[in-house]
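Novice: Sharing a structure here in C-alpha cells format.
Protein chains: 2
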Amino acid sequence: MVVGSENRLLAALPREGRRRFVASCDHVELKLHDILAEAGEQIHHVYFPTAGFISLIVTLDNGAQLEVGIIGNEGMLGSALTLDVSVSPQLAIVQGVGTALRMSAPAFRRQCQQNAKLRERLARYVYVSMRQLAQMSACTRYHQVEARLARRLLMSRDCAGANELHLTHEFLASTLGVRRVGITQAARALQARGLIRYSRGDITITDGAGLEIRSCECYGRGNHMYAQGLDSLRTRSNSCMRPSARGPPT
Amino acid sequence: MVVGSENRLLAALPREGRRRFVASCDHVELKLHDILAEAGEQIHHVYFPTAGFISLIVTLDNGAQLEVGIIGNEGMLGSALTLDVSVSPQLAIVQGVGTALRMSAPAFRRQCQQNAKLRERLARYVYVSMRQLAQMSACTRYHQVEARLARRLLMSRDCAGANELHLTHEFLASTLGVRRVGITQAARALQARGLIRYSRGDITITDGAGLEIRSCECYGRGNHMYAQGLDSLRTRSNSCMRPSARGPPT
DNA sequence: CTCGCAATGTTCGCTGGCGCACTGACGGCT
DNA sequence: AGCCGTCAGTGCGCCAGCGAACATTGCGAG
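Protein chains in written order, with this note's numbering: chain A, -14 to 235; chain B, -14 to 235.
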C-alpha cells in the first residue's frame, strides 16, 4: 500500500488479523465538516482515518467550543466501544478531508471479541488518548497562542502528510479556542520568522524544524506518547518525556 | 458498612466478587502529600479511596502544574492497568487525607482476568474519566476562577462527605492553575454571598445549593457522567447533559 | 512569652487575549 | 461588469489574571 494510505493503528496488527478486519470495513471519504458523531449520541460506526483528520470537540452551555483532540491515521474514532460504551463522548467533525476505513459498531464489537491482538492495540490507544487529553488541558491553560498554533500546524501536517494545509484563521481560532485576530497575529509572527507562508486559507510550512522550536513541548510529548503506544508500554519504565518523530511528511 | 467508608466503584460489584476482591486488598491510610504514582513511572499499586481524595497532576517543562482530575471514593488510581499499561500517566498526590483499599499491580491484573464484571465496571470508569478530562480542558480554558473554585469546593465536599474542608488558598491556586491572589479574591466573593466561610485553611460550605449556582456547569456534568457510569451506558441513548446528584454530604 | 512560620490580605503595574467594528483583497458566479 | 461571500488586516477600549512585593494574623514550639 502507498505510504499514508494506511491506518497505523491497524498497520501494527498481524497480517492475517488485519486482512480479516479490513475485509469488514467500507472505504469511505471524509468530507469537510461531516459530523461523524455527536456528544451523548449513539455511536453507529467507527472510523480509522487513512488520510485527513477528525476533530473532537467539547461544547459548553454557552456555546463555546474547544477542540480536545484530533484523530488522524494514527488513531480511530469510536474507541469508546472498546470500553463497552456505545455513547460518543464528544462531537466529532471532519476537519481535514481524506479517507477512512469504516465499520459498523456491532461488527466492530464482534471483531474486538474475536481478536485479542486488536483489543490490546486499542487499549493502548485509549491509554494514549487519555494522556493526550490531560496534556492538552495543561497546554490550553498555560501555553500561548503562537506556540499552540505552531503545535497545531505540525499536528495537521503529520495527519495530512504534506506541508501544504488548508486551514483558515477562523477555523484555527475555533479549534484553539481563541479569537480569529489572535490567530492572525500569531500566524504573522510565524510567517515573519519564515516558518510558514499563508494566504486565504492555504498554509504552507516552510520550515518544519523551526516551527517545532516555536511550538510548545506538547507537540514532542504527543509524538512520544504515540511512539510509546506502538511498542511495549507493558514492561518498560520509560522516562517518557523525550520528543521523537511521529512521522514528518514526505 | 458505614456510608462513606465504601468505594463506590467496588460497591457496584456483585457481593461475592467484591468479597474476593477486597480480601486481596490492604487497608491503607492516605496521608497528605503522599505521592502514590509518578508520571511515566511504573504503577506498583492501585488504590480505591474510601475517604479522602487523590489529585492527578500534569507537569509542564517550565514546572507549571495543573490538576486534571481528582479521584475520590467514586473512582480508582491506576486504571491504566485495565488497559494493559503499567505506566502511570500522571503524578498522583494525596490531597485529602483519608483511607483506601490498596492492591498490588500483579494481583490487580489477576483479579481483572478472573472477574468479568470487574472489567466491565472499570472500563466504564475509564470512559467516564476520559469524558471528565475533556470537560476539564474546556472548563480550564473558558470558565472563570470563581466558578471553577466553586466547582472544586463542591467536588472536594463530595469526596470528603462533609461540608468542612481543609484546603489552603495556596493549594487551591495550584490545583486550578491560578495565583493564590486569584483564589483569595474568588473566595472572598463566595464568602460575601454567604456560600462559604473560611479561615486559615479551614473552609466550610454553608450553602451548597447556592454554591452550585455559582459554580460552572462542569460540576453538574461531572456528576451526571458518574451517575451514567453506574447504570447502563451500553444500551441507552441519553441526552447526557442534565446535572444530577453525585451524593451530597451527610 | 516570644519567636517563627504558615496562612491570608492587599496593592500596583503589566499584558495577553477579548469583543467589536470596520476595511481591504481576492475569487467565483451571474 | 457587477455582486457577493470568504478571508485576512487593523484599531480601540477593556478586563481577568499575572508577577512581585509587602503587611497582617494566628497558632504552635521552645
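Just so you know, even glycine gets a beta-carbon here, dropped at the ideal spot from N, CA and C.
To the nearest angstrom, how far is it from the Cα of B:Ser67 to the Cα of B:Arg94?
Specialist: One point to set straight first is that residue 67 of chain B is Thr, not Ser, in the sequence displayed. Cα to Cα, the separation comes out at about 7 angstroms.
Novice: From the DSSP secondary-structure annotation, give me the bridge partner or partners of A:Val7.
Specialist: DSSP lists no partner for A:Val7.
Novice: Under 7 angstroms between C-beta atoms, does A:Gln176 make it to chain B?
Specialist: By this cut-off, A:Gln176 is not an interface position.
Novice: Rounded C-beta distance between B:Val53 and B:Leu41? I'm assuming under 8 angstroms.
Specialist: At roughly 5 angstroms, the Cβ-Cβ gap stays under 8 angstroms, so B:Val53 and B:Leu41 are in contact.
Novice: Nearest chain A C-beta to B:Leu45 closer than 7 angstroms, yes or no?
Specialist: Closer than 7 angstroms: yes.
Novice: Locate the alpha helix (DSSP H) running through B:His154, then write down its first and last residues.
Specialist: Start and end: 154 to 161.
Novice: Would you mind stating whether A:Glu131 and A:Ala174 have Cβ atoms separated by less than 7 angstroms?
Specialist: Yes, Cβ-Cβ distance for A:Glu131 and A:Ala174 is below 7 angstroms.
Novice: Ordered along the chain, which non-local residues of its own chain (more than five positions away) have a Cβ less than 8 angstroms from that of B:Gly195?
Specialist: Excluding residues within five positions, the ones whose Cβ falls inside 8 angstroms are Arg178, Gly179, Leu180.
Novice: What do you get for A:Asn58, buried or exposed, if any count of 16 or more other CB atoms within 10 angstroms of its CB means buried?
Specialist: When all chains shown are included, A:Asn58 counts as buried.
Novice: Please confirm whether A:Pro91 has its beta-carbon closer than 7 angstroms to some beta-carbon of chain B.
Specialist: Output row for A:Pro91: interface = no.
Novice: Between the Cα of B:Arg5 and the Cα atoms of B:Thr125, B:Gln129, B:Gly25, B:Asn100, which residue gives the shortest distance?
Specialist: Of the candidates B:Thr125, B:Gln129, B:Gly25, B:Asn100, the one whose C-alpha sits nearest the C-alpha of B:Arg5 is B:Asn100.
Novice: Give the range of the alpha helix (DSSP H) segment to which B:Leu139 is assigned.
Specialist: Run containing B:Leu139: 130 to 145, per the alpha helix (DSSP H) assignment.
Novice: Rounded to a whole number of angstroms, what is the C-alpha to C-alpha distance between B:Leu152 and B:Ile188?
Specialist: Answer to the nearest angstrom: the Cα atoms are 7 angstroms apart.
Novice: Relative to the C-alpha of B:Ala8, which candidate in B:Gln50, B:His18, B:Met88 has its C-alpha closest?
Specialist: It is B:Met88 whose Cα lies nearest to the Cα of B:Ala8.
Novice: Apart from the five residues just before and just after A:Leu62, which ones in its own chain have a Cβ nearer than 7 angstroms to its Cβ?
Specialist: For A:Leu62, where only same-chain residues beyond five positions count, the Cβ hits under 7 angstroms are Leu21, Ala22, Val31, Tyr32, Ile39, Ile56, Ala77.
Novice: Against chain A, with Cβ distances strictly below 7 angstroms, would B:Leu118 count as a contact?
Specialist: Answer yes: the Cβ-Cβ gap between B:Leu118 and chain A drops below 7 angstroms somewhere.
Novice: Using a C-beta cutoff of 7 angstroms, does B:Gln75 count as contacting chain A?
Specialist: Closer than 7 angstroms to some Cβ of chain A, the Cβ of B:Gln75 qualifies, so yes.
Novice: Let me see if you follow: with CB-CB separation under 7 angstroms, is A:Ala65 close to chain B or not?
Specialist: Chain B contact via Cβ: present.
Novice: Are the C-beta atoms of B:Val70 and some chain A residue less than 7 angstroms apart?
Specialist: Yes, B:Val70 counts as interfacial toward chain A.
Novice: According to DSSP, simplified to helix, strand and coil, what is A:Gln80?
Specialist: Strand, per DSSP.
Novice: Along the chain, which unbroken stretches of the beta strand (DSSP E) at least 3 residues long are found entirely within the segment 40 to 90 of chain A?
Specialist: You should have 50 to 56, 76 to 89.
Novice: For A:Ile190 versus A:Arg142, is the C-beta distance shorter than 7 angstroms?
Specialist: Result yes, Cβ atoms of A:Ile190 and A:Arg142 sit closer than 7 angstroms.
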